[in-house]
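Residue numbers (the UniProt record's numbering): 1 to 299. Even for Gly, the Cβ is constructed at its ideal location relative to N, Cα and C. Step one of this worksheet: look at the structure below.
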């Protein structure tokens, strides 16, 4: 059971719960907020769309659950179709639910189960998205893997390589293969993390990949901003997604909060991805938005 406070209320704390990796949103308690945002009183209200992405086509990795699902749903509310890539077999139920939610908003959602640690699979995802949607206007590199290890002495070489092969290498391949299909006005948005800035010690490999994502975002922006394609990142703080009960221990979940007195909901992070995909952010590129609940960072 979850705590008595609402998810947007100060002091809300999810109950300790655990799942196998990669985690399933369908069994989380409480379920993360997908398309609602907080009111001033700590309640919730449905996201108000304004047609900001009408006719756009988005490729979203890790779009089956968590932040990725909320991005797909808010994009749908703003008028965009989505093509989501996700881990096969393990996340089928979550992917089907995302399709249902997107279609209920009046948009189309295509799914592609695959392992993005393979460069060939990254290329196939892009090719399939272009064929299915007729193009890609927005690339959201969102998927990630993490697993807590307290000391570098206990961090295996295999886990280090798995984290890099999941969290940063596909961002390069997906961007490389997508850019030839993008026209002026298109955007790439990378999901980074607060951990790139605070250096979380028990997520050394994850933290390192998120720092690489920030640098990758800056460098790629400098390559393409003059060609009319913007590249930005979002660095979330604590967010209630399936990755948390699947990878964190009891103590970490008990301390899972922010200066606002609660963890964020995926919907609160997804609004940043709407902003960066829309013309509202037309003069922003190479930057990182810090949606972290009030933690002050430099960068």
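State yes or no: is the C-beta of residue i within less than 9 Å of the C-beta of residue j?
| i | j | result |
| --- | --- | --- |
| residue 163 | residue 206 | yes |
| residue 125 | residue 217 | no |
| residue 292 | residue 212 | no |
| residue 187 | residue 232 | yes |
| residue 85 | residue 63 | yes |
| residue 210 | residue 193 | yes |
| residue 36 | residue 263 | no |
Would you mind working out which of the options sits nearest residue i, comparing C-alpha positions?
| i | options | result |
| --- | --- | --- |
| residue 107 | 83, 217, 42 and 92 | 83 |
| residue 104 | 278, 254, 80 and 115 | 80 |
| residue 88 | 264, 100, 34 and 117 | 117 |
| residue 110 | 46, 130 and 48 | 130 |
| residue 100 | 14, 76, 222 and 134 | 76 |
| residue 119 | 73, 134 and 166 | 166 |
| residue 15 | 22, 31 and 185 | 31 |
| residue 228 | 281, 145 and 74 | 281 |
| residue 145 | 278, 201, 38 and 22 | 22 |
Give me the DSSP bridge partner(s) of residue i.
| i | result |
| --- | --- |
| residue 353 | Outside the shown range of the chain, which is 1 to 299, sits residue 353, and nothing can be said about it. |
| residue 45 | 37 |
According to DSSP, is residue i helix, strand or coil?
| i | result |
| --- | --- |
| residue 101 | helix |
| residue 50 | coil |
| residue 165 | helix |
| residue 301 | The structure shown does not extend to residue 301, since the chain is modelled only from 1 to 299, so the question has no answer here. |
| residue 298 | coil |
| residue 209 | helix |
| residue 217 | helix |
| residue 2 | Reliability fails at residue 2, whose pLDDT of 46 lies under 50, so the model's placement of it is uncertain and the value that follows must be treated cautiously. Coil. |
| residue 264 | strand |
Could you check whether the Cβ of residue i sits closer than 9 Å to any Cβ belonging to chain D?
| i | result |
| --- | --- |
| residue 200 | Absent from the structure is chain D; it holds one protein chain and no more. |
_So, does the segment 167–182 touch the segment 272–281, judging by three or more C-beta pairs under 8 Å?_
By the criterion of at least three beta-carbon pairs nearer than 8 Å, the segment 167–182 is not in contact with the segment 272–281.
_Touching by the beta-carbon criterion (3+ pairs, under 8 Å), the segment 145–161 and the segment 91–99_ = Cβ pair count under 8 Å is below three, so no.
*For the 8 Å Cβ check, are there 3 or more pairs between the segment 135–146 and the segment 55–71?*
Under the three-pair Cβ rule at 8 Å, the segment 135–146 counts as touching the segment 55–71.
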